[in-house]
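Below: the structure, in structure tokens.
In my numbering, the protein residues as written are 51 to 463.
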């Protein structure tokens with residue numbers, strides 16, 4: 051059976067085919083695991099350059115517990131015969147070019163705990179109802195597979211689910227509040243869909259959640275303060291929606307957050323002081339909102355911060371010199387606000403900076419020569435201000451800049 055599989059998937063051109071079809075015992079073939087009786091129990095050939103269809107003859111490997119062909123170039127239908135692999139626990143076929151329906155025969159895989167078919171152009175217009183009876187499932191990945199309609203509340207029957215990925219599927223309607231009963235969930239990704247209405251407060255019951263990705267939808271209303279109960283959360287992505295009101299101060303309880311993305315909404319008011327507890331943040335995106343006030347000085351304590359996006363708001367006051375204490379900062383977006391005063395020379399101490407946008411504010415004075423020390427800088431935007439003097443000559447080496455729009459000469463030294 052392995053010989054059929056090898057030839058059907060272009061084995062001669064795999065990235066790694068060590069041992070295959072040679073004299074070495076099967077247990078030494080790349081990606082193959084066998085048990086004490088010599089039965090094949092695992093095929094792990096992800097990212098290995100497999101092409102062609104998945105041969106149905108794989109179903110003869112009755113001892114198979116794991117089939118991982120993730121991230122190859124496989125095409126054609128998912129063989130219905132795989133439904134007879136009664137010992138299968140892991141089926142990872144995501145990131146291929148598989149087409150057709152998800153075969154209902156897979157419903158017979160009652161030991162399956164992980165099913166990932168994401169990023170395949172499958173021909174289905176709904177989430178198959180038989181999936182709701184696969185109660186052993188801990189991971190379900192159907193992201194970027196097709197148009198699958200609305201999110202069925204029956205998903206709540208998958209009580210062991212830890213990962214649910216339904217991103218980029220043209221999903222519409224609302225999030226069923228019943229999803230708040232999936233108490234084992236650690237990851238919920240519904241990004242890049244057409245979901246609307248309000249974000250259910252019941253999601254605050256998912257106390258084990260580490261990733262919540264609802265970005266790039268059409269959610270409106272306020273951010274539920276109940277999300278502040280998700281104290282294990284590391285990634286909260288709500289950007290690119292139509293959320294309004296103020297940022298809930300309850301989000302300050304999420305002290306494990308590494309990424310907070312609230313950009314491209316209609317959020318207003320000042321950045322709440324309660325967020326000063328989020329000192330593990332590596333990425334903070336609040337751009338394209340209606341936030342006011344000055345950037346809070348407690349952001350200087352966010353030593354892990356790599357990305358700070360505050361552009362296109364209504365922020366005022368001088369550009370904060372404390373930004374110079376963010377030694378790990380790599381990208382800084384501050385354009386499109388109402389900042390006044392001069393560009394702080396402290397920016398020149400941030401040697402990891404690759405991107406700085408300060409354009410379209412009300413800045414004046416000269417460009418500090420210290421910015422010329424930013425040897426890793428690849429993008430610089432400072433036009434649309436009232437800058438004077440000359441441009442530090444070292445900044446000419448920045449690959450992407452708008453310095454010519456300033457109408458200023460370059461400094462001679």
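The C-beta atom is built at its ideal place from N, Cα and C for all residues, glycine as well.
For residue 125, there is no enclosing alpha helix (DSSP H); the residue is found in the beta strand (DSSP E) stretching over 123-127.
By the criterion of a C-beta distance shorter than 6 angstroms, residue 227 is surrounded in its chain by 250, 252, once the five residues flanking it on both sides are discounted. In this structure, the straight-line span from the alpha carbon of residue 330 to that of residue 74 is close to 49 angstroms.
Residue 459 carries a coil assignment under DSSP once its states are collapsed to helix, strand and coil.
Its Cα nearest to that of residue 199, the residue 240 stands out among 184, 161, 183, 240. Within the same chain, and ignoring the five residues on either side of residue 354 in sequence, the residues whose Cβ sits closer than 7 angstroms to its Cβ are 330, 331, 332, 378. Here the alpha carbon of residue 325 sits roughly 37 angstroms from the alpha carbon of residue 447. Listed as beta-bridge partners of residue 285 by DSSP are 261, 309. Residue 57 holds the alpha-carbon nearest to the alpha-carbon of residue 71 among 65, 242, 57. Looking only at 451, 223, 418, 358, the smallest Cα-Cα distance to residue 461 is reached by 418. Counting every other CB atom within 10 Å of its CB across the protein chains shown gives residue 123 a total below 16, marking it as exposed. Annotation for residue 278: 300, 301, 303 place their beta carbon closer than 6 angstroms to its own, counting only its chain and skipping 5 residues before and after. Fully contained in the segment 334-379 are the following beta strand (DSSP E) runs of length 3 or more, in chain order: 340-343, 357-359, 364-368.
Between residue 182 and residue 216, the C-beta spacing is not below 8 angstroms. C-alpha of residue 309 to C-alpha of residue 69: approximately 43 angstroms in a straight line. Note on geometry: alpha-carbon atoms of residue 79 and residue 103 lie some 21 angstroms from one another. Leaving aside the five residues that flank residue 203 on each side, the residues in its chain whose CB is nearer than 6 angstroms to its CB run, in chain order, 226, 228. For the pair residue 312 and residue 339, the Cα-to-Cα distance works out to about 9 angstroms. For the 8 angstroms CB-CB criterion, residue 119 and residue 96 form a contact. Here residue 120 carries a coil assignment [DSSP, helix/strand/coil]. By the C-beta density criterion, residue 290 is buried, having at least 16 other C-beta atoms within 10 angstroms. Take the alpha-carbon of residue 65 and the one of residue 345: they are about 50 angstroms apart.
In the three-state DSSP reduction, residue 81 falls in the coil class, being neither helix nor strand.
By DSSP's assignment, residue 316 forms a beta bridge with 294. In terms of Cα proximity to residue 156, the closest of 350, 169, 439, 184 is 184. For residue 235, the secondary structure class from DSSP, reduced to helix, strand or coil, is coil.
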